[in-house]
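Taking it in order: structure first as structure tokens, then the write-up.
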Amino acid sequence: MCGGPFGLTIYTIVDKSTMEKKHICHDCFLLPRVCFFCGMPVKDDYTSLPDGRFLCARDAKTAVLEENQANEICRQTRESLDRLFCRFLAFPSTNLSVAVIDRVQLEELFKFAGRDRVCPNVWGCAESQVRGNHFEHSVSLLSGLPLAVFRATCAHELTHTWINENLSPQRKRTLGRDAEEGFCELVSFLLMSSESDESQQQQILRNAYTRGQIQLLIDAEKQYGFSDVVDWMKYGLDDRLRSEDLSRIRRVEAAPSKERVAPAFPVYAAQATAAPDTLQLKGISWARNHRLALINDRTFEVQEKGTVHVGHTNVVIRCLAIEEDSVRIQIVGSGQQQELRFKE
């Protein structure tokens, strides 16, 4: 840290930001100040925060401190989430407020009855209230987080607001807290994965406060697709996923149908069309740089993975490429690739 000689005793400290082991001398080991994020001692080039925390020079470079900056980052993060999950999740926007608060203020939020602080290092909090016939959400995020961590935390908290709006009261009661936190971490993980942020992905996986639910949800998403994970969150019969039987993610209650007014005249009800026995390319649409392919009964973007109905079973595929008259897909699990063209 200080650049001086180590002396007779060398201390090893793990940098919590990079998980690298670093050697420091005896004098640096005794320094009274440490960076709140990475845990490394700070001596000269550091930033002091009003609530008594310190930031090392590296983490201070991208630290989010101002509310205007935080609101813009959250807006960009929400737009990224909307693009990534547009077919599955609709995140609140007009009924959402964002605030940057310090450690003392954040800890105060968890002292009210009904809030259980399950995470040993809380970085954010989401609250939702019903006002008349709509929800109002407030997201509070810890000041001083490095930019990438701030975005990952924002994605996590925005997912809580989606849960509060979209899960029934009964499902909220039956869904375990670890599973709820795990789903929020899954959304954050997939966002970081889409941006090739390996560091944040690893940090999410290292955090043990979901008690293994994050890894099970990642496995379920890979095996069954994100759509099935969302269905389980909304209508699942279990409080959490269990490693011994991941297929239970498909055990869901029937989604409630919306009440409809009976028509004044008979309406022809078309019979459900049986799923094709093979993977078939049904359509391709182009909108500027946004390509979509309809395969059997489901639309795909490039690199999107999902479940399609084939005969009386389901197959999980990933769309690798979309051309003008063909698509290339991969069967998840076997790794087999196929080119699908329009049926003549």
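Following numbering that gives the first Met the number 0, the numbering of the sequence shown begins with 0 at its first residue and continues without gaps.
Ideal Cβ placement from N, Cα and C applies to all residues, glycine included.
Exercise. Given C118, which residues of its chain have a CB within under 7 Å of its CB, disregarding the five upstream and five downstream residues?
Worked result: Because C118 carries a pLDDT of 40, less than 50, the predicted location of this residue cannot be relied on, and the following value inherits that uncertainty. So the list reads Y208, once near-sequence residues are dropped.
Problem set entry | the region 165 to 175 touching the region 198 to 206, judged by at least three CB pairs closer than 8 Å | no
Exercise. Whose CA, out of S192, R172, G282 and Q279, lies closest to the CA of L236?
Worked result: R172
For this session: For the region 78 to 150, list the beta strand (DSSP E) runs that are entirely contained and at least 3 residues long, ordered along the chain.
Result: 95 to 100, 123 to 130 and 133 to 141
For this session: Output the distance between the C-alpha atoms of F299 and L146, rounded to the nearest integer angstrom.
Result: 31 Å
Exercise. Among V103, A178, E323 and V309, which residue has its Cα nearest to the Cα of L141?
Worked result: V103
Exercise. What are the start and end residues of the alpha helix (DSSP H) that includes V228?
Worked result: F225 to Y234
Exercise. Which residues in the same chain as V309 place their Cβ atom closer than 8 Å to its Cβ, once the five residues preceding and following it in sequence are excluded?
Worked result: A274, P275, D276, T277, L278 and N295
Exercise. Would you say the region 147 to 156 touches the region 59 to 76, given that touching needs at least three Cβ pairs under 8 Å?
Worked result: yes
Exercise. Who does P40 pair with in a DSSP beta bridge?
Worked result: V33
Exercise. Does the distance from the CB of V41 to the CB of L30 come in under 8 Å?
Worked result: yes
For this session: Determine, using beta carbons only, whether V63 and L190 come nearer to each other than 8 Å.
Result: no
Exercise. Would DSSP call L245 helix, strand or coil?
Worked result: helix
Exercise. Can at least three beta-carbon pairs, one atom from the region 45 to 61 and one from the region 16 to 36, be found at a separation below 8 Å?
Worked result: yes
Exercise. Unbroken beta strand (DSSP E) runs of length 3 or more, entirely within the region 188 to 217: which are they?
Worked result: none
Exercise. Taking the alpha helix (DSSP H) that F28 falls in, what are its first and last residues?
Worked result: H25 to F28
Problem set entry | Alpha-carbon to alpha-carbon, M18 and N313 | 40 Å
Exercise. In terms of residue numbering, what span does the alpha helix (DSSP H) encompassing D58 cover?
Worked result: A56 to A59
Problem set entry | Local Cβ density within 10 Å of K91, reported as buried at 16 or more and exposed below that | In the sequence as displayed, the identity of residue 91 is Pro instead of Lys. That one is buried.
Problem set entry | Which listed residue (A219, E323 and Y234) has its alpha carbon closest to that of S242 | A219
For this session: Within its chain, find whatever has a CB closer than 6 Å to the CB of S325; leave out the 5 residues flanking it on each side and keep chain order.
Result: E338 and R340
Problem set entry | Coarse secondary structure for R74, derived from DSSP in three states | helix
Problem set entry | Limits of the beta strand (DSSP E) - the one that R327 falls within | S325 to I330
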